Amino acid sequence: MELMNDMKIVLEDVLRGKRSVALGGHIRPDGDCVGSALGLYMYLKEQHPELETDIYLEEVPEAYGLIECTDEVKSRIPGDKKYDLFICLDCGDLGRLGFSSPLFESAEETLCIDHHVSNAAFADVNYIVPDASSTSELVFTLLDVSRISKRVAEALYMGIAHDTGVFQYSCTSPRTMEIAAELMRKGIDGSNIIDKTYYEKTYIQNQILGRALLESMLILDKRCIVSVIRKRSMEFFHAKPSDLEGIVSQLRLTKGVEVAMFLHETETHKFKVSLRSKGKVDVSRIAQYFGGGGHARAAGVTMQGSSHDVINNITEQIELQLNREAGEEK
Ligand code: 5GP
Ligand code: MN
52 MELMNDMKIV
62 LEDVLRGKRS
72 VALGGHIRPD
82 GDCVGSALGL
92 YMYLKEQHPE
102 LETDIYLEEV
112 PEAYGLIECT
122 DEVKSRIPGD
132 KKYDLFICLD
142 CGDLGRLGFS
152 SPLFESAEET
162 LCIDHHVSNA
172 AFADVNYIVP
182 DASSTSELVF
192 TLLDVSRISK
202 RVAEALYMGI
212 AHDTGVFQYS
222 CTSPRTMEIA
232 AELMRKGIDG
242 SNIIDKTYYE
252 KTYIQNQILG
262 RALLESMLIL
272 DKRCIVSVIR
282 KRSMEFFHAK
292 PSDLEGIVSQ
302 LRLTKGVEVA
312 MFLHETETHK
322 FKVSLRSKGK
332 VDVSRIAQYF
342 GGGGHARAAG
352 VTMQGSSHDV
362 INNITEQIEL
372 QLNREAGEEK
């Protein structure tokens, strides 16, 4: 990650004169969203006790309960509350902020900390570095390292580990590893965090993963793998949407495959689509084309229509990119 110091904001400058701060992240919060938001929340609580700081996120997946202060996360907004500052984390656009967006709208000032290429810098102050592995990595760079406590380090480490696929995806830079090392020096149990929040699956999660793998199909000359989980399967397994996390990554591991596409039917004729790429296809472009967003190798979008239509429409875009790439190679 290139640290652009002239672009980098100084957290203390943004906080100057503020009395109340709200933190929020994207809908269906993942490890990086929860880690970055809770890490910054606990840091503010510890270093700025004079501030009234609140954190707003949709239901935090149970596995992340290992991180301290998850019980302080608010999932509803108070009726008439206005904050001096709203900090939006890991959220590429205002629509993805979900239930806390009225607090963003009414805040005196807004700050966005994010690493999505699709982020259109929608806040008053924006700290967006698409090359960064994770929002948690960006939060780290805003803090005074000597003041980072063990519990803040645990939250940020979880975020970085999740968005790098445990330090494996190409977004993992030497700087990412240096930051992880700094966090380890705070005395955290990194392997336990990774095990409990990333790899460990409930029986239900494994069952639904098994179903998705069993019913997956190879298309585009075996260069794309697709799987769909329907509402009725979710009901059958008593699964929550967060139980589906990790399925698309597992699909992506299939040998020979360039792109993995996973559809989750949230309502009749409505699908939450997750896309993952091994590098040849920029899936953020495809997601953005259909109104979603994300990163080059991991992106998502919600689409209407039959599963057949959704798969066909996305496949067309994948094929265009694969053909273009094949043309360039000649
Ligand atoms: P996932 O497939 O895990 O839900 O998301 C992969 C990446 O794409 C994440 O960085 C996530 O923030 C982004 N993403 C997923 N769905 C959407 C969407 O509907 N809109 C936008 N803008 N980004 C999305
Ligand atoms: Mn992220």
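Those letters in the sequence shown? Residues 52 to 381, by my numbering.
Where a beta carbon is used, it is the ideal one built from N, C-alpha and C, also for glycine.
Just so you know, these numbers come straight off a predicted model, no measurement behind them.
Within 8 Å, do at least three Cβ pairs link the stretch 161-170 to the stretch 326-345?
The stretch 326-345, when compared against the stretch 161-170, does touch it at the 8 Å Cβ threshold.
If we count the other Cβ atoms within 10 Å of its Cβ and call it buried at 16 or more, is M209 buried or exposed?
Numbered from its first residue, the sequence shown carries residue 209 at position 158. Buried is the call here.
Less than 8 Å between the CB atoms is what I'm expecting for E109 and I60, so what's the real figure, rounded?
Sequence index remark: in the sequence shown, residue 109 carries index 58 (1-based). Sequence index remark: in the sequence shown, residue 60 carries index 9 (1-based). The pair is not a contact, with the Cβ atoms about 26 Å apart (cut-off 8 Å).
Hey, how far is the Cα of V324 from the Cα of G68?
Along the sequence shown, read from residue 1 onward, the residue named residue 324 stands at position 273. Along the sequence shown, read from residue 1 onward, the residue named residue 68 stands at position 17. Roughly 42 Å between the two C-alpha positions.
Could you work out which residue in I128, V111, P129 is closest to D122 when comparing CA atoms only?
Sequence index remark: in the sequence shown, residue 122 carries index 71 (1-based). The shortest C-alpha separation from D122 is found at V111.
Helix, strand or coil: which one does DSSP assign to F150?
The residue you call residue 150 lines up with position 99 of the sequence shown. Three-state DSSP puts F150 in a helix.
With a Cβ-Cβ cutoff of 8 Å, do H213 and D83 count as a contact?
Along the sequence shown, one-based indexing puts residue 213 at 162. Along the sequence shown, one-based indexing puts residue 83 at 32. Yes, Cβ-Cβ distance for H213 and D83 is below 8 Å.
Confirm, please, whether the CB-CB distance from D144 to S403 is below 8 Å.
Past the edges of the chain, shown from 52 to 381, lies residue 403, and the structure says nothing about it.
Straight-line CA distance for G75 to Q368?
By 1-based counting over the sequence shown, the position of residue 75 is 24. By 1-based counting over the sequence shown, the position of residue 368 is 317. One C-alpha to the other measures close to 33 Å.
From the DSSP output, read off the bridge partner residues of N177.
Counted from its first residue, the sequence shown places residue 177 at position 126. Partner(s): C163.
Specify the secondary structure class of K247 as computed by DSSP and reduced to three states.
Here residue 247 is taken as the residue at index 196 of the sequence shown, counted from 1. Here K247 sits in helix by DSSP.
If you measure from each CB to the nearest heavy atom of the ligand MN and keep those under 7 Å, what residues do you get, in chain order?
Those residues are D81, D83, C84, D141, H166, S185, T186, D214, given in chain order.
Measuring CB atoms only, is the stretch 86-102 touching the stretch 152-163, in the sense that at least three cross pairs come out at less than 8 Å?
No, the stretch 86-102 is not in contact with the stretch 152-163.
Answer with buried or exposed for D360, where buried requires no fewer than 16 other C-beta atoms within 10 angstroms of its C-beta.
As a position in the sequence shown, residue 360 is number 309, starting the count at 1. Looking at its Cβ environment, which holds fewer than 16 other Cβ atoms inside 10 Å, D360 is exposed.
Look at F218 and A204 and say whether their C-beta atoms are less than 8 Å apart.
On the sequence shown, residue 218 is found 167 positions in, with the first residue counted as 1. On the sequence shown, residue 204 is found 153 positions in, with the first residue counted as 1. Going by C-beta atoms, F218 is not nearer than 8 Å to A204.
Which value, in whole angstroms, describes the spacing of the CA atoms of A377 and C275?
Locating residue 377 in the sequence shown gives position 326, where the first residue counts as 1. Locating residue 275 in the sequence shown gives position 224, where the first residue counts as 1. Their backbone Cα atoms lie some 15 Å apart in a straight line.
Look up I128 in the DSSP assignment and say whether it is helix, strand or coil.
Translated into the one-based positions of the sequence shown, residue 128 becomes position 77. Residue state, collapsed to three classes: coil.
Give the straight-line distance between the Cα atoms of L373 and K331, rounded to the nearest whole angstrom.
For the purposes of this step, residue 373 is identified with residue 322 of the sequence shown, where counting begins at 1. For the purposes of this step, residue 331 is identified with residue 280 of the sequence shown, where counting begins at 1. Using only the alpha carbons, I get a separation of about 7 Å.
What is the DSSP secondary structure of I239, counted as helix, strand or coil?
Against the sequence shown, residue 239 aligns to sequence position 188. It is coil, neither helix nor strand.
Report yes if the CB atom of L189 is closer than 8 Å to the CB atom of V176, and no otherwise.
For the purposes of this step, residue 189 is taken as the residue at position 138 of the sequence shown. For the purposes of this step, residue 176 is taken as the residue at position 125 of the sequence shown. Cβ distance not < 8 Å, so L189 and V176 don't count as in contact.
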